[in-house]
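Everything below concerns the one structure shown next.
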Amino acid sequence: MLTSHKLDSHTILYGVFGDPIRHSKSPIMLNRAFEVTGVNAAYGAFHIVPGTLKDAVAGIRALQFRGVNVTVPHKVEVMEYLDAIDEGARMIGAVNTIVNDNGKLTGYNTDGIGYIRSLKEETGIDLRGRKVLMIGAGGAARGVGYAIAKEGAAHIYIANRTKEKAQELAASMSEFSSVSGHGLDEVAALAGEAALIVNNTSLGMHPNVDDVPMDVSLIRPDTVVSDLIYNPLLTRFLREARDQRGAAIHSGLGMFIYQGAYAFEYWTGQPAPIEAMRAVVLESFE
Ligand code: ATR
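Each residue of the sequence shown is one higher than the one before, counting from 1 in full-length UniProt numbering.
Shown next, in the form of structure tokens:
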């Protein structure tokens with residue numbers, strides 16, 4: 001066991017802004033990362049209620065925080081209060097990571113790149129020229145959708161309960177990829193074509209662990225099946241895709257770890273201690 005790291009008058013501050021926030025695993029993950037790399041820093045969870053985000057961002061400058069993660073529901077609004085937005089975050093239309101360079105705040109989005117890095121490391125899939133089925137068209141789907149488009153997928157099908165939202169997201173991505181929006185009733189016709197199926201909905205998330213986003217019997221064994229959910233660590237959807245269909249699976253934990261790892265790297269300029277970060281998050285589920 002490592003000794004807990006010491007906080008003093010040189011400690012650099014970091015945190016995550018969200019509402020709700022008490023469930024967040026970012027503080028344990030990033031504090032462990034600082035501890036094992038010997039960075040004198042502390043990372044807190046800040047409950048920022050709607051209407052106070054502008055003041056909270058001013059606080060980053062005033063208190064000279066080096067960096068902040070931004071989560072639901074603030075990822076879009078926060079862009080109004082920053083000095084610069086990285087190209088990837090602008091494309092996605094959402095920021096999850098802020099870097100403070102002597103009072104200049106720049107917004108990044110590490111969700112999509114974190115997703116792709118964990119997907120490749122865990123499954124080895126190469127999306128170039130392949131078709132992808134994304135289920136869900138909310139905030140989480142945006143970041144992942146753009147990242148998949150940038151990987152050179154041949155076509156992205158977006159299927160959503162509210163078909164109009166799938167079509168809107170598809171339209172906003174059309175300059176980056178061949179993409180189309182569909183209703184959930186079309187999943188049966190599309191699933192067989194996809195090399196990768198991704199659940200971007202909240203179906204199956206704790207406490208509704210019995211929900212699944214689609215009929216698992218439609219999945220071919222050579223499909224990679226991915227879920228952005230990491231609580232539970234293995235959703236019913238992934239478990240059945242693996243056990244009943246023989247599919248390779250990828251859970252949301254990897255995306256969570258790597259979005260945090262990219263943030264750590266932007267803030268500190270050092271490689272993130274991925275395995276220590278993964279271990280402490282896994283311990284927190286026990
Ligand atoms: P997030 O930021 O986590 O993506 P969100 O923007 O609220 O959250 O998006 C939630 C996604 O889950 C949406 O695609 C939503 O479908 P709708 O656009 O039709 O609302 C989907 N979703 C949530 N509950 C669902 C349910 N019971 N059945 C089908 N889809 C559901």
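We put the beta carbon where it would ideally sit given N, CA and C, even for glycine.
Worksheet item: Quick one: does the C-beta of K165 sit closer than 7 Å to a heavy atom of ligand 1?
Response: yes
Worksheet item: Is R128 close to chain C, meaning its C-beta is less than 8 Å from at least one C-beta of that chain?
Response: Absent here is chain C; the protein component of the structure consists of one chain.
Worksheet item: So, helix, strand or coil for A56, using DSSP?
Response: Helix, per DSSP.
Worksheet item: Measuring from the CB of R133, is there a heavy atom of ligand 1 at a distance below 7 Å?
Response: The residue asked about is misnamed: residue 133 is Leu in this sequence, not Arg. Not so, every heavy atom of ligand 1 lies at least 7 Å from the Cβ.
Discussion item. Can you give me the C-alpha to C-alpha distance between L53 and V78, rounded to a whole angstrom?
Written reply: In this structure, the alpha-carbon of L53 lies about 7 Å from that of V78.
Practice prompt. Ignoring anything shorter than 4 residues or poking outside the region 147 to 174, list the alpha helix (DSSP H) runs there in chain order.
Written response: Complete alpha helix (DSSP H) runs here, min 4: 163 to 173.
Item to complete: Evaluate H250 with the Cβ neighbour count: other Cβ atoms within 10 Å of its Cβ, from every protein chain shown; 16 or more gives buried, anything less gives exposed.
Response: buried
Worksheet item: Can you name the start and end residues of the beta strand (DSSP E) that M134 belongs to?
Response: K131 to I135
Practice prompt. Starting from the C-beta of M1, find all residues in its chain whose C-beta is less than 8 Å away, skip the five residues before and the five after it, and write them out in chain order.
Written response: With a pLDDT of 43 at M1, under the threshold of 50, the modelled position of that residue is not reliable, and the figure given next carries that caveat. None.
Worksheet item: Could you give the residue range of the alpha helix (DSSP H) that holds residue 287?
Response: For residue 287 there is no data in the structure shown, the boundaries of the chain being 1 and 286.
Worksheet item: Within this structure, are the beta carbons of G112 and A147 separated by less than 8 Å?
Response: yes
Practice prompt. Measure the CB-CB distance between S24 and V16 and report whether it falls below 8 Å.
Written response: yes
Practice prompt. Flag this pair as yes or no: are the beta carbons of I98 and G107 separated by less than 8 Å?
Written response: Yes.
Fill in: Backbone CA spacing between M205 and R242 [nearest angstrom]
18 Å
Discussion item. Does F17 come out as helix, strand or coil in the three-state DSSP assignment?
Written reply: strand
Fill in: Beta-carbon proximity of V216 to E193, cut-off 8 Å
no
Worksheet item: If you draw a straight line from the alpha carbon of L196 to that of M173, how long is it in whole angstroms?
Response: Whole-angstrom Cα-Cα distance: 18 Å.
Worksheet item: Out of curiosity, what's the CA-to-CA distance linking G183 and P207?
Response: 25 Å
Worksheet item: In three-state terms, what does DSSP make of L256?
Response: At residue 256 the sequence reads Phe, which differs from the Leu that was named. If DSSP states are grouped into helix, strand and coil, F256 belongs with the helices.
Worksheet item: Would you say the beta carbon of V95 comes nearer than 7 Å to a heavy atom of ligand 1?
Response: no
Item to complete: Determine which residues share a DSSP beta bridge with S226 and list them.
Response: V198 and H250
Discussion item. If contacts are defined as beta-carbon pairs under 8 Å, then Y14 and G93 qualify, I think. What distance do you get, rounded to the angstrom?
Written reply: Their Cβ separation, rounded to whole angstroms, is 24 Å, which puts Y14 and G93 out of contact at 8 Å.
Practice prompt. Give the secondary structure of I125 by DSSP, where H, G and I count as helix, E and B as strand, and everything else as coil.
Written response: coil
Fill in: Burial state of L63, where buried means 16 or more other Cβ atoms lie within 10 Å
Burial state of L63 is exposed, judged by a 10 Å Cβ sphere holding fewer than 16 other Cβ atoms.
Discussion item. Is any non-hydrogen atom of ligand 1 found closer than 7 Å to the C-beta of S202, if you look at the structure I gave you?
Written reply: yes
Worksheet item: In whole angstroms, what is the alpha-carbon distance linking S180 and E265?
Response: 34 Å
Practice prompt. Kindly give me the distance between the Cβ atoms of D19 and I60, rounded to whole angstroms, as I take these residues to be in contact under 8 Å.
Written response: About 17 Å separates the two Cβ atoms, so there is no contact after all.
Discussion item. Can you tell me whether F65 is helix, strand or coil according to DSSP?
Written reply: coil
Worksheet item: Which one or two residues does DSSP pair with V179 in a beta bridge?
Response: I156
Worksheet item: Helix, strand or coil: how does DSSP classify D101 here?
Response: strand
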